[in-house]
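In full-length UniProt numbering, the protein residues as written are 1 to 284.
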C-alpha cells in the first residue's frame, strides 16, 4: 500500500516488519537521535500483541513505527523517518497505518507520546493533548535494607499485579507484565494484598504503579538502587501526578524533557496519579 499524504516522489510501500529488519530499524532510529534501540525493536517485532510497520521507498526501509494492543487501548510509538525523507508525509502515513491496525483489532482508544515538532501532525490525524510527560534524571543509589513488605515478584503475584495495573491505567497490559515479569518487585500490605509494583524492563526504566505515595517512594528508591550509584536513574511521569513531581524535587532530580501525551477515540478511565514509571514512552 502507498501511504496516504506521501509526496509522489517518495511513494512508499507499507509492510509488516520482520526480525530481519531489526538491525535496519535500529539504524533508522540512530539516524534520528535514538541510538541503542535494537533490543526494544526486537521485542516489538516478536511480541504477539505488537504491530511493527516498515515503510519502504526505492527498495530500502526509510521509516518505522510500532503499535501495542492493551485490550481496547492501542499505543503508537517510535515512529521515525530517515532525515532525507522527512517532511514528505511518511511519518503521518506510518502513524495512520499503525492506527488502522490497532482499530481493526478492537482498539477504541489510541494513545501516543509526541514531540512538540510532531504534535501538529498528530493533531491533523485527530489526536489531542491530554497531559504532558515530564522526564527526570538523577543519581542512582547504593543498595540498602528493604522496607517491610517490599520483595521480589512471584508468579502467584501476577493476577493481583495485573488487576492493580488495569485499575490504575485503564488498560489491559497483562500480556506485557507476563512477558517481562521475571525481575519484578512488589510491596505487599499487612493484609497480603499487592499495594504496588515495579518492573524493570530490558531497555531501562519500567512501570511503577501504585495509588499510595509511601509505597511509590519505597519503589522509587529501589529503582535507584537497581541502577546503582555510578549510573543515572530516569523516570517519566505525567504532570497529573503532583505527588510524584514533588518526590522528584525532594530527591534532587532534574527535569530533562517535557513531551505531550496525546489520545484519539474513547476517553480512558485511568488514574494518572498512580503512575510513577513507564514501560516506555511508546508503550505507556
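Idealized CB from N, CA, C, for every residue including glycine.
Can you tell me which residues form a DSSP beta bridge with residue i?
i: residue 136; result: 235, 255
i: residue 76; result: 67, 112
i: residue 186; result: 151, 197
i: residue 168; result: Partner(s): none; residue 168 has no beta bridge.
i: residue 277; result: 208
i: residue 16; result: 53
i: residue 60; result: 57
i: residue 81; result: 63
Only counting the same chain, and skipping five residues up and downstream in sequence, which positions put a Cβ closer than 7 Å to that of residue i?
i: residue 131; result: 238, 239, 240, 261, 272
i: residue 70; result: 171, 172, 173
i: residue 228; result: 140
i: residue 175; result: 49
i: residue 38; result: 22, 23, 26
i: residue 252; result: 138
i: residue 256; result: 135, 136, 137
i: residue 152; result: 185
Give the DSSP-derived three-state secondary structure of residue i in the structure shown.
i: residue 143; result: coil
i: residue 8; result: Any reading at residue 8 needs caution, since the residue's pLDDT is 49, under 50, leaving its predicted position unreliable; the model's value is listed next. Residue 8: helix per DSSP, three-state reduction.
i: residue 260; result: strand
i: residue 293; result: Beyond the ends of the chain as shown, which are 1 and 284, falls residue 293; an answer cannot be given.
i: residue 179; result: helix
i: residue 128; result: strand
i: residue 244; result: helix
i: residue 88; result: coil
i: residue 106; result: coil
i: residue 173; result: coil
i: residue 100; result: helix
i: residue 118; result: helix
i: residue 2; result: Because residue 2 carries a pLDDT of 37, less than 50, the predicted location of this residue cannot be relied on, and the following value inherits that uncertainty. In this structure, residue 2 counts as strand in the three-state DSSP scheme.
One question on the structure: do residue i and residue j come within less than 8 Å of each other, judged by their Cβ atoms?
i: residue 98; j: residue 150; result: no
i: residue 125; j: residue 104; result: no
i: residue 67; j: residue 101; result: yes
i: residue 50; j: residue 73; result: no
i: residue 40; j: residue 62; result: no
i: residue 25; j: residue 17; result: yes
i: residue 45; j: residue 22; result: yes
i: residue 109; j: residue 266; result: yes
i: residue 275; j: residue 77; result: no
i: residue 185; j: residue 219; result: yes
i: residue 94; j: residue 32; result: no
i: residue 216; j: residue 208; result: yes
i: residue 206; j: residue 198; result: yes
i: residue 313; j: residue 213; result: Beyond the ends of the chain as shown, which are 1 and 284, falls residue 313; an answer cannot be given.
i: residue 177; j: residue 161; result: yes
i: residue 19; j: residue 36; result: no
i: residue 127; j: residue 264; result: yes
i: residue 168; j: residue 211; result: yes
i: residue 233; j: residue 277; result: no
i: residue 200; j: residue 183; result: yes
i: residue 179; j: residue 47; result: yes
i: residue 133; j: residue 34; result: no
Ignore the nearest five residues each way along the sequence and tell me which others in residue i's own chain have a CB closer than 6 Å to its CB.
i: residue 114; result: 122, 260, 262
i: residue 75; result: 68, 111, 283, 284
i: residue 129; result: 260, 262
i: residue 285; result: Shown here, the chain extends from 1 to 284; a query on residue 285 therefore has no answer.
i: residue 142; result: 229
i: residue 65; result: 53, 79, 94, 98
Using a Cβ-Cβ cut-off of 8 Å (strictly less than) and excluding sequence neighbours within five positions of residue i, which residues of its own chain qualify?
i: residue 254; result: 136, 137, 138
(request) Please specify which runs of the alpha helix (DSSP H), each continuous and at least 4 residues long, are wholly inside the region 189 to 232, giving them in chain order. (result) Here the runs fully enclosed are 213 to 227.
(request) Report the residue ranges of all beta strand (DSSP E) runs contained in full by the region 25 to 52; include only those spanning at least 3 residues, in chain order. (result) The qualifying runs do not exist here; there are none.
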